[in-house]
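Reviewing the structure listed below.
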Amino acid sequence: MTKPNEVAEALRLAELYQLAILDTQPEEGFEAVVDLGVSAFNCSSCIVSFVDSDRQWFKARRGFNSLHADETPRDISICTHTIKKDEPMVIPDCTQDERVKDSPLVTGSPWIRAYLGVPIKTPTGARVGSFCLIDTSPRTWSSAEIKMAKSMAALVEVSLANRQQQAQGAYSREPIFQNGHRSDFAGHEQSYASWRRHGDESFIALSPNLEDWLCLSHSPRVSWAWFNGLIVREHRHDVELARELGNGQVFQYQIQLPNGRLLTLKERTYKTPEEEGEALTVGLLQNIAVAAQLPRTAVQGRPNPLDALKTNTLSFLAESTRGKLVLDLNFKLVQLGQVDDSELHRVKDNPSVLDFIYEEDRENLVREMETVLGTRLKKKAFARIRLPDSKPVWARFVIDRPAPGIETSRKALVLQYTKMVNESTMVDRNLFDQTLLGMTEKLGGLGTWFYHVDSGLLKVSDQFKAICKATELPLGSIFELTELLTRLTGKNMASTLIECINNRQAAHIECEVNFERLTGQRWFRFSFQPISNGLGSSSGLYGSVEDITHTKHLAQELSRKSTALNQVLNTLTDGTLELDEALQVEAMDAKARPLILGKETFIYQAAIADVLPGLDLLEFRKRQSELRRQGTTGDFEFFNTRTNRWLRLKFLPREDGLTILLRDITQRKAMYRDLFMVGSAIEQINEVIMVTNDLGSNATSFQCIYLNSAFENVTGQAVAKWLGRNPYPLIADRLPLRDFRKLLVSLLKREKLTIKTRYETDNGAHVPCEILVSPFVDKETGTPWSLIVFRPSST
């Protein structure tokens, strides 16, 4: 059994290999971070590195030029100490630090003296690398610099997460099983991978590199039995023993992929101690040799078993993962074989290909084949292969015509099929049963539909079509369903469905729909619920529609009647007045008297026009009429000349009159007046004035808070377009690089700056200008802001 620290290191390496970042090409996001690090910290080197099992590899670096390689041995690197803890590693003088003083990087070139490193972590918390700053002279790192370094390490982690999401998105657009590798495995590239198995589960999780080696895509988990079946027969027993021991010893073996390619792998297997709970087995693999595509006669002692099965159609379909079928005009099977076979095997009994397809899937397959016959356009279809005594297996069929010169009535169509090898596509048949949708809608009174992601199959219930008035519409694909939902809701439903599937989060939409055939409008509630496959992704999407017109009308009526009560509960008042139907004052509380009467005496049953001199009585009666008719009316603002106070009046109904809630808004009115005067003055200035939040403490949410109108004259951009948005694109490519870095450093360090430069407008003109940056703090809230002024100059 392996030691706990060895298991922890194996898990960390598995997380690193999951990122698939080692030995990749330079990327703009990481290069920008190290550029900014060197400028902001005024240090000799800035590096983003990842710590492998025996090396430290540099993803991006500035400085450190004395090392001409992209990596260093792990045993001499300083970053190997950084990843041991979550906190930054701060070393003012490396020659005095017991951990690193004997490293050749300290005692010799590049003569590291000061070091500041922050561990880079994955979303699961694994420390896979570091963001580090290096200087050739001893220096004391301030708390502000440490905080800034942590923020920049967080930016690297965000870039890693975005990179992984983009890679997953690219995988989802690729075929499930590929014809060849996505990489050449040249040198070090893509040469490390990993797999995991929890307890005795029948499936294992693969790292992206291992998916690549096995020619899989979008298949993060595969069958354990299928994975072991790839090992060549003569190595299989030894590999099983080594994996059972799980002691971290290195063993070497070969696997053969279904396309005949041989891979030679080295593996170390680790097992967690049983006392720590559920057993976890981790395999770390290194791809040390890749053979080219070998002719089957070159694989000695291992003839391809599919060759012997071609004489039996059922056996070939059952055992093959990918294959090619040639059909005649009646869809009868004429020839079959593997995709890369130069000559296909002739089938004697000529069975119909539909005999091997489930009845529910035949109609869609036949429709696509007839389309290819009529248009000569290549088509794709998904269907389940039906074999005796076997579980149904989904397959993707690519339908095409034979090559010119080969096509005859006996050879009219070519079907290439690929079985789904990942668990998410092996969906139980009853998920698509119409009876399941029927039971759901009877229990809930809903119209329902179900969409399976990998196969593209869509099932829509009759009640859904009836509710949506779509009984005459073809709803055979998710695209047709999306078009219907978009038309009914008035929203972009394609993006809504994609977000539900990708984020695995339910969504609900309530909207009013106007059908031409109906006299009135209807209210619908649309619900969308992703179905998880247990592998961390969605295998399908369940949707429903409910007619909530009656419920909505009741809710609107209740809302209208409770408006007055909600206003009372949600409004803080500065006093109340009670008036009768004749608008005579019946009561006035103690808080209201100084606002209305000042030092004068209250008179019972006095007319409101006498109590509030100068009141627009006509407008007042209009509000009273609206209150009777609708139950609510708008607020009314009034300047009381008796007390020199601005008052806001809110009207509430009662059986024999009305209640008025008072609010003293004198101070707010004065503030608005002052702000209006200041705003008017600012709008007269020809300089561009911009206010942003603090970049140093908001690394991922840099926003433009204010812009004056001169901004439009200088940049040609609308003010409304940029308010609340990240102003980074406004300056990133429009200033010379040297001045752009100075500006970013000033914003990060919250230092004042004045530079003379030139600004590039949208039409390509360069405007000479002077830029002033001044940080400030809102005294009332303590919020840090930055003031940026662009002052166009004549020279």
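If you read the sequence shown in my numbering, its first letter stands for residue 145, the second for the next number, and so on.
For glycine and all other residues, C-beta sits at the position ideal for the given N, C-alpha and C.
Residues of the same chain with a CB within less than 6 angstroms of the CB of S890, apart from the 5 flanking positions on each side, are L897 and V917 in chain order.
The DSSP-derived three-state label of G467 is strand. In the displayed model, T615 falls within coil according to three-state DSSP, outside both helix and strand. Taken through DSSP and simplified to helix, strand or coil, A204 comes out as strand.
Only buried fits Q607, as 16 or more other CB atoms lie within 10 angstroms of its CB. Linking A527 to R540 through their CA atoms gives a straight-line distance of about 7 angstroms. The C-beta of E895 has fewer than 16 other C-beta atoms within 10 Å across all chains shown, which makes the residue exposed. In the DSSP assignment, G373 falls within the unbroken alpha helix (DSSP H) covering W368 to G373. For the pair I915 and T927, the CB atoms are not nearer than the 9 angstroms cut-off. Under the 8 angstroms Cβ criterion, the segment 230-248 does not count as touching the segment 185-201, having fewer than three qualifying pairs.
Under the DSSP assignment, K603 falls outside any alpha helix (DSSP H), being part of the beta strand (DSSP E) whose first and last residues are L602 to V604.
Residue pairing of L723 in beta bridges, as defined by DSSP: V729 and L802. Judged by DSSP secondary structure, G404 falls outside any beta strand (DSSP E); it is assigned neither H nor E. In this chain, D499 is not harboured by any alpha helix (DSSP H), its DSSP state being neither H nor E. Contact annotation: R205 and V178 have beta-carbon atoms nearer than 9 angstroms. For the pair T416 and G427, the CB atoms are not nearer than the 9 angstroms cut-off. Annotation: W255 is outside any beta strand (DSSP E) and is labelled neither H nor E by DSSP. F795 places its beta carbon 9 angstroms or farther from that of G758. In this structure, the straight-line span from the alpha carbon of L180 to that of S295 is close to 12 angstroms. For L350, the uninterrupted beta strand (DSSP E) segment begins and ends at F347 to L350. Within the segment 874-929, the complete alpha helix (DSSP H) segments at least 4 residues long are 881-893, listed from N- to C-terminus. Between the alpha carbons of V542 and L488 lies a gap of roughly 17 angstroms. Shown here, P548 sits in coil according to DSSP, grouped into three states, outside any helix or strand. In this structure A751 is not in contact with L771, their Cβ atoms being roughly 18 angstroms apart against a cut-off of 8 angstroms. R520 and I501 have their C-alpha atoms spaced approximately 23 angstroms apart.
Under the 10 Å beta carbon count, S287 is surrounded by fewer than 16 other beta carbons and is classified as exposed. Per the coordinates, the alpha-carbon of L458 lies some 7 angstroms from the alpha-carbon of L531.
About 4 angstroms separates the Cβ atoms of S189 and F208, confirming a contact at the 8 angstroms cut-off. A distance below 6 angstroms between beta-carbons, with the five flanking residues on each side excluded, links D883 to the following residues of its chain, in chain order: I899 and T901.
With a 10 Å radius around the Cβ and a threshold of 16 neighbouring Cβ atoms, L791 comes out buried.
The segment 379-387 makes no contact with the segment 345-363; the number of CB pairs closer than 8 angstroms stays below 3.
Between Y336 and the set R271, L407 and W285, the nearest pair of CA atoms involves L407.
At least 9 angstroms separates the beta-carbon of F185 from that of E301. In this chain, F594 is not harboured by any alpha helix (DSSP H); it is covered by the beta strand (DSSP E) spanning G591 to H596. Between R218 and A258, the gap from beta carbon to beta carbon reaches 9 angstroms or more. For the pair C644 and L685, the CB atoms are nearer than the 9 angstroms cut-off.
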